[in-house]
Amino acid sequence: INLRSKKKKIHQRGDQREHRHDELKAKEEANDEQEDVTFNHRSQRIPFEELYSVFHRRYQLQNVALEIFDTNRKGTLFAFNTETEREEILSKILSSPLPNSIFSSSYGTSINYKKFMASWKSKIVSQWANGKMTNFDLLMHMNSFAGRSHNDLTQYPVMPWIIAGYSSEDLDLEDPRTYRDLTKPMGAQDEERAEQFREKYKMYEESGMEPAHYGTHYSCAAYVLYYLMRLE
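Last residue of the sequence shown: 289 in the working numbering, with the numbers rising by one and none dropped.
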């Protein structure tokens, strides 16, 4: 009986060793797979000499992102864990030599990002006012200054609705009536439409809901996605 018990214990120990061996082998394979994933993870490098501009961005409605444009005007969005982390990275970028960027003339000095961007915006508007920039380019710059980006469906660039009517076969660009009244929002372009939104506001107010003229925003991820699908 004792011999049999010893044999049984020997077999049990052997099984335990095999089990441990299998566990170690499984862990090694898992680590190898993880290393492969890390090795094959997509990454992108932007040399400082190819960096053109950097803009503050929001990610998931939080001020934790930066969008970096290279000299080909290709934008890449980077999201960080906190706003502090974002500002730390931005500070390191601005303290580096950026010979082909909008910051090149300020290299060697401490750059106040907000003041610099305010000055850059004034320069852009001045170029447009002097006929050195197209309307489209100005609007794209304004979208960028406002935090909008092609890399974020929730904050996609928007363009103002300029034309008043789309039913006529001929479009006379010299006729002032061709253009919408930019002093009024889209909901008040004509009295009938304005009255509809006043009624909606009143209805919300009477029902105890927070009153608003518009129930949705003119730009959201779903609208942008459907728009991009139509383009395809």
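The beta carbon of each residue, even a glycine, is placed where N, CA and C say it ideally should be.
Pairing leucine 288 with serine 206 gives a Cβ-Cβ distance that is not under 8 Å. Put simply, the region 130–147 touches the region 105–120. At least three CB pairs are less than 8 Å apart. According to the DSSP assignment, threonine 133 belongs to the beta strand (DSSP E) that extends over 132–136. DSSP places leucine 239 in the coil class of the three-state scheme, outside both helix and strand. Asparagine 120 carries a strand assignment under DSSP once its states are collapsed to helix, strand and coil. DSSP, reduced to helix, strand and coil, places serine 158 outside both helices and strands of the structure shown, so it counts as coil. Around the beta carbon of glutamine 253, fewer than 16 other beta carbons sit within 10 angstroms, so the residue counts as exposed. Under DSSP, the beta-bridge partners assigned to isoleucine 220 are Tyr236. According to DSSP, residue pairing for histidine 113 in a beta bridge involves Leu123. With a 10 Å radius around the Cβ and a threshold of 16 neighbouring Cβ atoms, isoleucine 150 comes out buried. DSSP places glutamate 145 in the uninterrupted alpha helix (DSSP H) bounded by 140–151. Assignment of leucine 108 by DSSP, reduced to helix, strand and coil, places it in the strand class. If you ignore the 5 residues before and after glutamine 246, its C-beta comes within less than 8 Å of the C-beta of Ala221, Arg237, Asp238, all in its own chain and listed in chain order. Across the structure, lysine 180 and isoleucine 125 are spaced so that their CA atoms are roughly 20 Å apart. Around the C-beta of serine 224, fewer than 16 other C-beta atoms lie within 10 Å, and the residue is accordingly described as exposed. With fewer than 16 other beta carbons inside 10 angstroms of its own, phenylalanine 193 counts as exposed.
In the three-state scheme derived from DSSP, where H, G and I count as helix and E and B as strand, leucine 230 is classed as coil. In terms of Cβ geometry, isoleucine 146 and tyrosine 109 do not form a close pair [threshold 8 Å]. Here serine 179 carries a helix assignment [DSSP, helix/strand/coil].
The C-alpha of alanine 278 lies about 5 Å from the C-alpha of leucine 210.
CA-to-CA, the gap between glutamate 226 and alanine 203 works out to about 35 Å.
Per the coordinates, the alpha-carbon of threonine 139 lies some 21 Å from the alpha-carbon of glutamine 101.
In this structure, the straight-line span from the alpha carbon of arginine 99 to that of leucine 155 is close to 25 Å. CA-CA distance, methionine 266 to arginine 250, rounds to 22 Å.
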